[in-house]
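Here is the structure we will look at.
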Amino acid sequence: MIIAPSLLAADFGRLAKETERVDRSGADWLHLDIMDGHFVPNISFGPAVVRTLRPLTKLFFDVHLMCSKPEILLEPFAKAGAAQMNIHVELGEHVMPLIWRIKSLGKQVGLAINPPTSIVMVQPFLAKIDSLLIMTVNPGFGGQSFIYETLPKIQQAQAWRREKNLRYHIGVDGGIDFKTARECAHSGADSFISGTTLFEQRNLGAAVRKMRKAVESGQADALSSQAFEPKLNAPGRADGAKAGKSALHEAS
Ligand code: DX5
Ligand code: ZN
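Just so you know, our numbering puts 89 at position 109 of the sequence shown, and the rest follows in order with no gaps.
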């Protein structure tokens, strides 16, 4: 499980102190949202800020590029200290070359998908990526409400991961609080990007621990519901409500 506070929700007047706060919190990654004012209607910060924060912590820097032309930013962010760079599947024909460019820079590859975009769009890239970042709000701003219609995408991503025996992380980003983290964990997410909910707590370490507990509850819910799920393809269970012979008879 990965808990990744998003620096977008930090106090921008004290980014160094906020980064040190995340470092002490027990979080796994620091999520860095890069917005270009074109791909999304907002602007955040660039490689110079990431370079300044890099010496303050050993945390894994997860850079989320909400940018129309990430190709001009990959090398600067790689040099500034990114460990992983997420590009958006909405960039279409540019996605595969961008993935190879990130790999050639020696960094991990993340692929992000916006709420209105069909999950089938990521399918051709799944074997090449380290993380799939399922946007659970329309990107551009922190503090938005979670979009529940994205939950089936998480389930599909998990089904593909299992079927194809792949290992990519399934991340969720936007509106992640203790309740939605639990629900996303239930659907199969394993990486939780959270800005507003985590940073608004005075004790960030306690908030990170509380989010881990919420995720564990969601994972436990998923295990127990699997145990009670009818095996749809098993003989004699053609209908979950009818077991054994009668169902077999009805099917024949
Ligand atoms: C949204 C960003 C998110 C954002 C999440 O455009 O990609 O990473 O910081 O913030 P909250 O948790 O406030 O929705
Ligand atoms: Zn993000």
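For glycine and all other residues, C-beta sits at the position ideal for the given N, C-alpha and C. It should be emphasised that the depicted structure is a prediction, and the values quoted were computed from it without experimental measurement.
- For Lys87, the CB contacts under 7 Å within the same chain, skipping 5 residues up- and downstream, are Ala58, Ala62, Ala63, Gln64, Met65 in chain order.
- Measuring C-alpha to C-alpha distances from Ser125 to each of Pro132, Thr116, Glu163 identifies Thr116 as the nearest.
- Here the alpha carbon of Ala169 sits roughly 31 Å from the alpha carbon of Ala28.
- Taking 8 Å as the cut-off, the Cβ atoms of His18 and Ser(-14) do not count as close.
- In this structure, the beta-carbon distance from Pro119 to Asn94 falls below 8 Å.
- When C-alpha distances from Ala92 are compared across Pro56, Phe40, Ile150, the shortest belongs to Ile150.
- The C-beta of Met191 has 16 or more other C-beta atoms within 10 Å across all chains shown, which makes the residue buried.
- A straight-line Cα-Cα distance of about 28 Å links Ala200 and Arg4.
- Note: Trp80 is not bridge-paired with any residue in the DSSP secondary-structure output.
- The nearest non-hydrogen atom of ligand 2 is 7 Å or more from the C-beta of His74.
- Residue side-chain check: Gln124 places its Cβ nearer than 7 Å to a non-hydrogen atom of ligand 1.
- For Ile134, no beta strand (DSSP E) segment is defined; the enclosing uninterrupted segment is the alpha helix (DSSP H) at 131 to 143.
- Cα atoms of Ser205 and Arg162: separation of roughly 14 Å, rounded to the nearest angstrom.
- Burial check for Lys49: the Cβ neighbour count within 10 Å stays below 16, so the residue is exposed.
- Relative to the non-hydrogen atoms of ligand 1, the Cβ of Ser174 comes within a distance shorter than 7 Å of at least one.
- Look at Asp8 here: in three-state DSSP terms it is coil, with no helix or strand label.
- The C-beta distance from Ala165 to Gly198 rounds to 3 Å, short enough to meet the 8 Å contact threshold.
- Considering only Val195, Ser98, Leu53, Ser171, the residue with the shortest C-alpha distance to Glu129 is Ser98.
- Burial check for Ala186: the Cβ neighbour count within 10 Å stays below 16, so the residue is exposed.
- Distance between Pro132 and Leu178, taken at the CA atoms: about 25 Å.
- Sequence-distant Cβ neighbours of Ile(-18) in its own chain, meaning closer than 8 Å and more than five residues away, are Asp8, Trp9, His149, Gly151, Asp170, Ser171, Phe172.
- Per DSSP, reduced to three states, the secondary structure at Ile156 is coil, with no helix or strand assignment.
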